[in-house]
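Engineer: This is the structure, below, for whatever I ask next.
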Amino acid sequence: MKTFLVTGGAGFIGSNYVRYMLNKHKDVRMVNLDKLTYAGNLDNLKDLKNNSRYKFIKGDICNEVLVNEIMPEVDVVVNFAAESHVDRSIGAPADFIKTDVFGTFVLLEAARRNNIERFIQISTDEVYGSIENGAFTETDPMMPSSPYSASKAGADRLAYSYFVTYDLPVQITRCSNNFGPYHYPEKLIPLFVTNAIEDKPLPIYGDGKNVRDWIYVEDHCEAIDFISSHGKLGEVYNIGGDNEKTNLEITEYILKKLEKPKSLMTFVKDRLGHDRRYALDCSKLHKLGWKPKFDFDEALDKTIKWYIENRWWWEKLKSGEYLEYYKKQYNLNP
Ligand code: NAD
Ligand code: TYD
29 MKTFLVTGGA GFIGSNYVRY MLNKHKDVRM VNLDKLTYAG NLDNLKDLKN
79 NSRYKFIKGD ICNEVLVNEI MPEVDVVVNF AAESHVDRSI GAPADFIKTD
129 VFGTFVLLEA ARRNNIERFI QISTDEVYGS IENGAFTETD PMMPSSPYSA
179 SKAGADRLAY SYFVTYDLPV QITRCSNNFG PYHYPEKLIP LFVTNAIEDK
229 PLPIYGDGKN VRDWIYVEDH CEAIDFISSH GKLGEVYNIG GDNEKTNLEI
279 TEYILKKLEK PKSLMTFVKD RLGHDRRYAL DCSKLHKLGW KPKFDFDEAL
329 DKTIKWYIEN RWWWEKLKSG EYLEYYKKQY NLNP
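Below, the structure is given as structure tokens:
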């Protein structure tokens with residue numbers, strides 16, 4: 029039995045990854061260390077409460093004492109824990125630097141002292157910054173442009189330095205925009221799907237022509253699993269869905285699927301420093317033998333259906349702090 033320490037396992041991708049791994053491998057134990065910030069939600073893992081191979085620990089990855097206590101029982105670390113929302117990083121960057129950079133440092137140090145078997149740093153395509161044409165390969169320079177992406181770039185390179193300097197068995201993944209169930213409804217797809225369900229405005233930043241590459245979260249989870257068993261140590265792997273879409277295309281698709289009027293589309297002031305386009309060249313991972321399985325339209329339909337059927341999950345998240353934030357930011361009444 030191998031023990032995985034999954035940090036940030038109560039968030040969107042982390043919770044999908046914990047579930048994916050427990051279903052796929054019968055010889056793994058998943059220890060989920062999560063601080064339960066606004067984005068951490070134990071509802072995401074409700075179905076695993078009685079699973080004997082799953083354990084939850086509430087705690088901060090910046091807490092050296094706690095991390096040092098946990099690490100001796102760990103074989104593999106998968107570090108998802110992060111402050112992850114670009115808009116929040118523009119308003120209040122401090123927690124991004126603390127968690128994304130210092131927290132990663134605490135984990136790397138503890139991992140080094142305990143001779144762990146593998147350390148997977150979940151980085152992001154946003155570390156490359158924006159690209160007008162073409163696509164970034166793993167050796168392209170990083171030009172992060174938000175406090176979020178800059179803090180992720182710091183963590184990404186810090187992890188690499190532990191491979192070079194201390195021989196820590198590190199692997200780094202840089203994935204594009206995920207979508208799927210349990211995605212906090214402040215990000216584009218879950219916000220727009222749930223707003224449309226409730227006949228509320230969909231706030232489109234700027235001209236809506238910014239481009240993102242989208243990947244279904246289960247494909248991302250499978251890719252991480254594949255890289256941890258087939259990838260080389262010390263390497264970076266881009267993970268993309270090969271689905272480039274403008275925000276307008278995504279918005280129109282959601283409205284059409286939910287049979288809602290285009291009048292819900294509301295153009296609002298642009299995000300500061302808004303990256304125009306993200307694009308990844310994933311040939312390195314394709315050559316290694318992994319490609320995404322999910323068709324974009326089918327996966328988005330499945331995701332929309334999940335939000336229709338799971339109002340209990342998102343309705344309570346769309347109140348209080350969230351409402352205040354959006355009202356203040358966009359003078360809207362979502
Ligand atoms: P999320 O915001 O949904 O989840 C983050 C989780 O980390 C939450 O459960 C939160 O409680 C936890 N957390 C935050 N600070 C912590 C701390 N100090 N100690 C312990 N736990 C803490 O984020 P997500 O969308 O699931 O992203 C997970 C990871 O994947 C992040 O590292 C992010 O940078 C990366 N990533 C995300 C995407 C995407 O499209 N969402 C794409 C590529 C990479
Ligand atoms: P987001 O989901 O925040 O992911 P990221 O910024 O990390 O790519 O945003 C995706 C795109 O959608 C991005 O171009 C910003 C845009 N967007 C809006 O137009 N309106 C919104 O309310 C949100 C949250 C995002």
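Residue 200 in my numbering is what sits at position 172 of the sequence shown, and the numbering runs on without skipping anything. Glycine is no exception: its CB is placed at the ideal position from the N, C-alpha and C atoms.
Mind checking residue 217: buried by the 16 CB within 10 Å criterion, or exposed?
Structural biologist: By the 10 Å Cβ count, residue 217 comes out buried.
Engineer: If you measure between the beta carbons of residue 57 and residue 29, is that distance less than 7 Å?
Structural biologist: For residue 57 and residue 29, yes; Cβs fall inside 7 Å.
Engineer: Residue 150: which of 187, 159 and 99 sits nearest, CA to CA?
Structural biologist: The shortest Cα separation from residue 150 among 187, 159 and 99 belongs to 187.
Engineer: Could you tell me which residues DSSP puts in a beta bridge with residue 242?
Structural biologist: Per DSSP, 205.
Engineer: My assumption, with CB atoms under 8 Å, is that residue 35 sits in contact with residue 79. Please give the rounded CB distance.
Structural biologist: No, residue 35 and residue 79 are not in contact; Cβ-Cβ is about 19 Å, not under 8 Å.
Engineer: Roughly how many angstroms separate the alpha carbons of residue 227 and residue 68, rounded to a whole number?
Structural biologist: For residue 227 and residue 68, the distance between alpha carbons rounds to 27 Å.
Engineer: Just verifying my parser: in three-state terms, what is the DSSP assignment at residue 175?
Structural biologist: Correct three-state label for residue 175: helix.
Engineer: Name the residue from 145, 275 and 110 whose alpha carbon lies nearest to the alpha carbon of residue 133.
Structural biologist: Ranking the options by Cα distance to residue 133, first place goes to 110.
Engineer: On a Cα-Cα basis, can you pick out the residue from 114, 343, 100 and 207 that is closest to residue 299?
Structural biologist: That would be 114, whose Cα lies nearest to the Cα of residue 299.
Engineer: So, at 6 Å on beta carbons, what are the nonlocal neighbours of residue 237 in its own chain, with the 5 sequence-adjacent residues on each side left out?
Structural biologist: These residues qualify, in order along the chain: 274.
Engineer: For the ligand ADP, I want to know if residue 232 counts as a neighbour, meaning its beta carbon is within less than 6 Å of at least one of the ligand's heavy atoms.
Structural biologist: Among the ligands in the structure shown, the ligand ADP does not appear; only the ligand NAD and the ligand TYD can be found there.
Engineer: What first and last residue would you give for the alpha helix (DSSP H) that runs through residue 344?
Structural biologist: Note, residue 344: premise wrong, no alpha helix (DSSP H); not H, not E.
Engineer: Would the C-beta of residue 206 count as close to the ligand TYD, meaning under 6 Å from any of its heavy atoms?
Structural biologist: Residue 206: no, Cβ never under 6 Å from the ligand TYD.
Engineer: Cutting at 7 Å between CB atoms, please list the residues of its own chain near residue 38, excluding the five before and the five after it.
Structural biologist: Same-chain partners within the cutoff: 60, 62, 64, 68, 69, 70, 72 and 73.
Engineer: In chain order, what residues of the same chain lie with their CB nearer than 6 Å to the CB of residue 310, ignoring the 5 residues before and after it?
Structural biologist: Closer than 6 Å at Cβ, skipping near neighbours: 266 and 268.
Engineer: If you draw a straight line from the alpha carbon of residue 211 to that of residue 40, how long is it in whole angstroms?
Structural biologist: Going from the Cα of residue 211 to the Cα of residue 40 covers about 5 Å.
Engineer: Consider the C-beta atom of residue 114 and the heavy atoms of the ligand TYD; say whether any pair is separated by less than 6 Å.
Structural biologist: It does: the Cβ of residue 114 is within 6 Å (strictly closer) of some heavy atom of the ligand TYD.
Engineer: In the structure shown, what three-state DSSP assignment does residue 141 receive?
Structural biologist: If DSSP states are grouped into helix, strand and coil, residue 141 belongs with the helices.
Engineer: Measuring straight from C-alpha to C-alpha, what distance separates residue 292 and residue 229?
Structural biologist: If you take the alpha carbons of residue 292 and residue 229, they lie about 5 Å apart.
Engineer: Using three-state DSSP, classify residue 133 as helix, strand or coil.
Structural biologist: In the structure shown, residue 133 sits in a helix (DSSP, three-state: H, G or I).
Engineer: Would you call residue 143 buried or exposed, if buried means 16 or more other Cβ atoms sit within 10 Å of its Cβ?
Structural biologist: Burial call: exposed.
Engineer: Give me the Cα-Cα distance between residue 167 and residue 297, rounded to the nearest whole angstrom.
Structural biologist: Approximately 34 Å, taken between the alpha carbons.
Engineer: Using only CA atoms, which one of 264, 121 and 126 lies nearest to residue 312?
Structural biologist: For the residues 264, 121 and 126, the minimum Cα distance to residue 312 belongs to 264.
Engineer: Hey, would you say the C-beta of residue 140 is under 6 Å away from at least one heavy atom of the ligand TYD?
Structural biologist: For the ligand TYD, not one heavy atom lies less than 6 Å from the Cβ of residue 140.
Engineer: Can you give me the C-alpha to C-alpha distance between residue 359 and residue 231, rounded to a whole angstrom?
Structural biologist: Note that residue 359 scores 48 on pLDDT, short of 50, meaning its location in the model is unreliable and no value can be drawn from it.
Engineer: Buried or exposed, going by whether 16 or more other CB atoms sit within 10 Å of the CB of residue 24?
Structural biologist: Because the chain spans 29 through 362 in this model, residue 24 falls outside it and cannot be assessed.
Engineer: Do three or more CB pairs link the stretch 124-131 to the stretch 75-91 at distances below 8 Å?
Structural biologist: Short answer: they touch.
Engineer: Tell me where the alpha helix (DSSP H) around residue 43 begins and ends.
Structural biologist: First-last of the alpha helix (DSSP H) with residue 43: 40-52.
Engineer: Taking the alpha-carbon positions, what's the residue 50 to residue 253 distance?
Structural biologist: The straight-line gap from Cα to Cα measures roughly 12 Å.
Engineer: Report buried or exposed for residue 202, applying the criterion of at least 16 other Cβ atoms within 10 angstroms of its Cβ.
Structural biologist: So residue 202 counts as buried.
Engineer: Taking the alpha helix (DSSP H) that residue 273 belongs to, which residues open and close that run?
Structural biologist: Not the alpha helix (DSSP H): residue 273 falls in the beta strand (DSSP E), residues 272-274.
Engineer: Can the beta-carbon of residue 164 be found closer than 7 Å to that of residue 105?
Structural biologist: Taking 7 Å as the Cβ cut-off, residue 164 and residue 105 do not qualify as a contacting pair.
Engineer: Please classify residue 324: does DSSP put it in a helix, a strand, or coil?
Structural biologist: Helix, per DSSP.
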